[in-house]
Amino acid sequence: MNISIIAVGKLKEKYLKQGIEEYLKRLGPYAKVQVKEVSDEKAPDNMSEAEIKDVKQKEGERILSHISQDAYVITLEIDGKMLTSEKFAAKLDELATYGKSKVAFVIGGSVGMSEDVQKRSDLALSFSKLTFPHQMMRMILLEQVYRAFRIMRGEPYHK
Numbered sequence: 281m282n283i284s285i286i287a288v289g290k291l292k293e294k295y296l297k298q299g300i301e302e303y304l305k306r307l308g309p310y311a312k313v314q315v316k317e318v319s320d321e322k323a324p325d326n327m328s329e330a331e332i333k334d335v336k337q338k339e340g341e342r343i344l345s346h347i348s349q350d351a352y353v354i355t356l357e358i359d360g361k362m363l364t365s366e367k368f369a370a371k372l373d374e375l376a377t378y379g380k381s382k383v384a385f386v387i388g389g390s391v392g393m394s395e396d397v398q399k400r401s402d403l404a405l406s407f408s409k410l411t412f413p414h415q416m417m418r419m420i421l422l423e424q425v426y427r428a429f430r431i432m433r434g435e436p437y438h439k
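Residue numbers (this note's numbering): 281 to 439.
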C-alpha cells in the first residue's frame with residue numbers, strides 16, 4: 281500500500297518531527313508512507329469570511345496538486361465519521377483488498393479545508409470532536425495507521 285499524508289504547513293517542532301520519524305520507521309515493513317507538506321497562507325486572527333475562504337482555496341489548490349487521480353482520499357475533519365482503531369484497520373484492509381493501493385490522507389490548515397478538497401474526499405474521518413493542532417495530527421494519524429497495520433496482521437500492540 282502507498283500512503284501519502286498531505287499536510288498544510290511546515291513542521292517546526294523538534295519533538296513532533298522525532299515522533300513522526302519514529303512512526304515512519306515503524307511503518308516501513310508494512311507500507312510505503314510519505315508526508316508531503318504544502319505551504320500555508322498567512323492567516324491573521326481577525327480575517328473576514330471572504331479572506332478565510334481565499335486562504336482555504338489557495339491551500340486547497342496546493343493539496344489537490346499532490347493527489348493522484350487513482351488515490352482514495354481520506355480527509356481529516358472535525359465533522360467526519362468516527363471509527364474505532366479496529367474499524368479503521370478494517371477500512372484500510374478493505375481498501376487494500378479491493379485494489380485501492382494508493383491512499384491519500386489530507387490534513388488541512390489552521391482555518392480548515394476548501395470545499396474542493398472536501399468534494400474530492402472519499403471519506404471524511406474524525407479522530408475526535410476536540411480540535412488538535414494540525415501539526416500534531418500528523419503524528420496522531422501516523423500512530424493510528426501503524427496501529428491499524430498491527431491490528432490487520434494480528435500483531436500485538438499496546439492498548
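All C-beta atoms, glycine included, are put in the ideal place defined by N, C-alpha and C.
Please read these numbers as outputs of a predicted model, since none were measured by experiment.
- prompt: Terminal residues of the continuous beta strand (DSSP E) containing Asp359?
  reply: By one-based count along the sequence shown, residue 359 stands at place 79. From DSSP, the beta strand (DSSP E) with Asp359 extends over 352 to 362.
- prompt: What separation, rounded to the nearest whole angstrom, lies between the Cα atoms of Ser365 and Ala428?
  reply: In the sequence shown, counting from the first residue as 1, residue 365 sits at position 85. In the sequence shown, counting from the first residue as 1, residue 428 sits at position 148. The alpha-carbon atoms of Ser365 and Ala428 are separated by roughly 6 angstroms.
message: Can you look up Glu528 in the DSSP assignment and give me helix, strand or coil?
response: Only positions 281 to 439 of the chain appear in this structure, which leaves residue 528 out of reach.
task: Alpha carbon to alpha carbon, how far is Lys294 from Ser348? Give it in angstroms, no decimals.
output: Start at 1 with the first residue of the sequence shown, and residue 348 comes out as number 68. Start at 1 with the first residue of the sequence shown, and residue 294 comes out as number 14. C-alpha separation (whole angstroms): 30 angstroms.
query: How many angstroms separate the CA atom of Met393 from the CA atom of Met432?
result: Here residue 393 corresponds to residue number 113 of the sequence shown, with the count starting at 1. Here residue 432 corresponds to residue number 152 of the sequence shown, with the count starting at 1. Answer to the nearest angstrom: the Cα atoms are 30 angstroms apart.
field: Contained alpha helix (DSSP H) runs [length at least 4] in the region 364 to 427, N- to C-terminal order
entry: 365 to 377, 395 to 400
Touch test, the region 328 to 336 against the region 294 to 312, Cβ-Cβ under 8 angstroms, three pairs minimum: no
message: Assuming contact is defined by CB atoms lying nearer than 8 angstroms, are Val288 and Glu357 in contact in what I supplied?
response: Working through the sequence shown from its first residue, we reach residue 288 at position 8. Working through the sequence shown from its first residue, we reach residue 357 at position 77. For Val288 and Glu357, no; Cβs fall outside 8 angstroms.
query: Looking at the structure shown, is Gln314 part of a helix, part of a strand, or coil, going by DSSP?
result: Taking the first residue of the sequence shown as position 1, residue 314 is located at position 34. When secondary structure is reduced to three states using DSSP, Gln314 falls in the strand class.
query: How should Asp320 be labelled, buried or exposed, when 16 other C-beta atoms within 10 angstroms of its C-beta is the threshold for buried?
result: For this step, residue 320 is matched to residue 40 along the sequence shown. Buried, because 16 or more other Cβ atoms sit within 10 Å of the Cβ of Asp320.
task: Kindly give me the distance between the Cβ atoms of Leu291 and Gln415, rounded to whole angstroms, as I take these residues to be in contact under 8 angstroms.
output: Here residue 291 is taken as the residue at index 11 of the sequence shown, counted from 1. Here residue 415 is taken as the residue at index 135 of the sequence shown, counted from 1. About 5 angstroms; that satisfies the 8 angstroms criterion.
- prompt: What are the start and end residues of the alpha helix (DSSP H) that includes Ala330?
  reply: In the sequence shown, counting from the first residue as 1, residue 330 sits at position 50. Unbroken alpha helix (DSSP H) run through Ala330: 329 to 344.
- prompt: Taking the Cβ atom as the reference point for each residue, do Lys382 and Tyr352 lie within a distance shorter than 8 angstroms?
  reply: As a first step, residue 382 must be located in the sequence shown, where it is residue number 102. As a first step, residue 352 must be located in the sequence shown, where it is residue number 72. Yes, they are a contact pair.
query: In whole angstroms, what separates the C-alpha of Leu440 from that of Asn326?
result: No answer is possible for residue 440: the residues shown for the chain start at 281 and end at 439.
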